[in-house]
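Q: Using this note's numbering, read the sequence shown as starting at 1 and increasing by one per residue.
Pasting in a structure now, in structure tokens, and then I'll have a few things to ask.
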Amino acid sequence: MKKNELQYELDDILTILSSVDSKERMFEFLLDLMTEKEMLEFSRRFEVAKMLEDSISYSRIEKKTGMSSTTIARISKALNSDNFGYKNGINILSGL
1 MKKNELQYEL DDILTILSSV DSKERMFEFL LDLMTEKEML EFSRRFEVAK MLEDSISYSR
61 IEKKTGMSST TIARISKALN SDNFGYKNGI NILSGL
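Below you can see the structure in the form of structure tokens.
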């Protein structure tokens, strides 16, 4: 699926995510939207991105997170892409 098609499919979700005004309300929305396993996967992927940004080795990341080297490589590729999604998220956290 092309990026613009995916964005169109996610339009309502993106609107909600960008409008929620508290962590508690966001958590409640995500809790209804995803399974616990999906939420944990979501969180672990971002944790991997932060670790990669800190130049932590794949083997250390694998041991700490349980993520496969293939998933870590995929996250690394996204982290270094022109998309800046992970980097924007990391920058938001570092500015808090």
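Glycine is no exception: its CB is placed at the ideal position from the N, C-alpha and C atoms.
All of these numbers come straight from a predicted model, not from anything done at the bench.
1) Among residues of its own chain, excluding the 5 on either side of residue 12, which ones have a beta-carbon nearer than 8 Å to its beta-carbon?
2) Taking Cβ positions, are residue 73 and residue 58 nearer each other than 9 Å?
3) Applying the 10 Å Cβ sphere with the 16-neighbour rule, what's the burial state of residue 51?
4) Apply the 10 Å Cβ neighbour rule to residue 1 and answer buried if 16 or more other Cβ atoms are within range, or exposed otherwise.
5) Taking DSSP as the reference, what is the three-state secondary structure of residue 85?
6) Alpha carbon to alpha carbon, how far is residue 39 from residue 30? Give it in angstroms, no decimals.
7) By Cβ distance, which residues of its chain are closer than 8 Å to residue 62, with the 5 residues on each side in sequence left out?
8) Rounded to whole angstroms, what's the CA-CA distance from residue 92 to residue 14? Just pull it up for me.
9) Quick one: does the C-beta of residue 13 sit closer than 8 Å to a heavy atom of the ligand ZN?
A: So, to answer that:
1) For residue 12, where only same-chain residues beyond five positions count, there are no Cβ hits under 8 Å.
2) Closer than 9 Å, so yes.
3) Residue 51 is buried by the Cβ-count criterion.
4) With fewer than 16 other Cβ atoms inside 10 Å of its own Cβ, residue 1 counts as exposed.
5) Residue 85: helix per DSSP, three-state reduction.
6) Whole-angstrom Cα-Cα distance: 8 Å.
7) Within the same chain, Cβ atoms closer than 8 Å to the Cβ of residue 62 are found at 68, 69, 72, the five residues on either side in sequence being excluded.
8) A straight-line Cα-Cα distance of about 17 Å links residue 92 and residue 14.
9) The ligand content of the structure shown is nil, which means the ligand ZN is not present either.
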